[in-house]
Ligand SMILES: [Mg+2]
């Protein structure tokens, strides 16, 4: 039997590491960016990686809770500062940043069952919202890379909302844009602190997506291990 079939008018979905497998994409992006930085700065791979990690950690600290904390351009710019490489006009940082996302997005594939789930929801008139941290331009490009742009009704990012999940802001923005109440939607995501607690904070029923790397089953939280399972839960067989 479907889960609340008559009440679910909208499905809120996390993007990163829920609709696709994130680590291989991030690794592909990092490898490409680091290779370019090694070639252009003449520094060792170890020195570049160490400076990149320092830049990333500083960015996380300085911009915690906002979309900017994920900015690869900031990681790379800070990386070059740590390497004491004079990047005239920021050209190398920009080039490495573009290369990062090019390789990241080329590695992206929707998880099994994602396309079908989205198509079934649309066929039933259920609205689909992506509620995701990070900047809007990057997330729009990711939806295109996954080939799901036309299946998504609205995209809400932490850049749009001003704060990251689990802050209520992105969830409330999605509800407002859908003209729906918390009782009419569900939220699906793989990050317990952001997606599950965030949804619960605004009284939206969360479904925990287990991607094989996240924590053990959570007592009292609905959970699925695949999009097929999710489709059965939301739409019935
Ligand atoms: Mg996620």
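Residue numbers (the numbering used here): 195 to 431. Every residue, glycine too, gets a C-beta built ideally from N, C-alpha and C.
- Relative to ligand 1, even the nearest heavy atom lies 6 Å or more away from the CB of residue 347.
- When the Cα atoms are used, residue 384 and residue 227 turn out to be separated by approximately 27 Å.
- At least 7 Å separates the beta-carbon of residue 388 from that of residue 370.
- For residue 421, the three-state secondary structure derived from DSSP is helix.
- If you look at residue 349, you'll find it in the beta strand (DSSP E) that goes 348–351.
- DSSP lists 204 as the bridge partner or partners of residue 321.
- For residue 385, the shortest separation between its Cβ and any heavy atom of ligand 1 lies below 6 Å.
- Placement of the Cβ of residue 212 at a distance of less than 6 Å from at least one heavy atom of ligand 1 is found.
- Taking 7 Å as the cut-off, the Cβ atoms of residue 244 and residue 253 do not count as close.
- Counting only the Cα atoms, residue 326 lies some 12 Å from residue 361.
- Residue 297 places its beta carbon 7 Å or farther from that of residue 266.
- Fully enclosed beta strand (DSSP E) runs of no fewer than 3 residues occupy 379–383 of the stretch 360–395, in order along the chain.
- Of the residues 216, 246, 217 and 215, the one whose Cα lies closest to the Cα of residue 230 is 246.
- Contact between the stretch 314–322 and the stretch 209–218 is not established, with fewer than three Cβ pairs separated by less than 8 Å.
- Membership of residue 260 in any alpha helix (DSSP H) is not indicated, and neither H nor E is assigned to it by DSSP.
- Exclusion of the five residues before and after residue 416 leaves 401 as the residues of its chain whose Cβ lies within less than 6 Å of its Cβ.
- With respect to the C-alpha of residue 403, the residue from 381, 261 and 300 having the closest C-alpha is 381.
- Rounded to the nearest whole angstrom, the C-alpha separation of residue 234 and residue 289 is 11 Å.
- Within its own chain, no residue has a Cβ closer than 7 Å to the Cβ of residue 236 once the five positions on either side in sequence are excluded.
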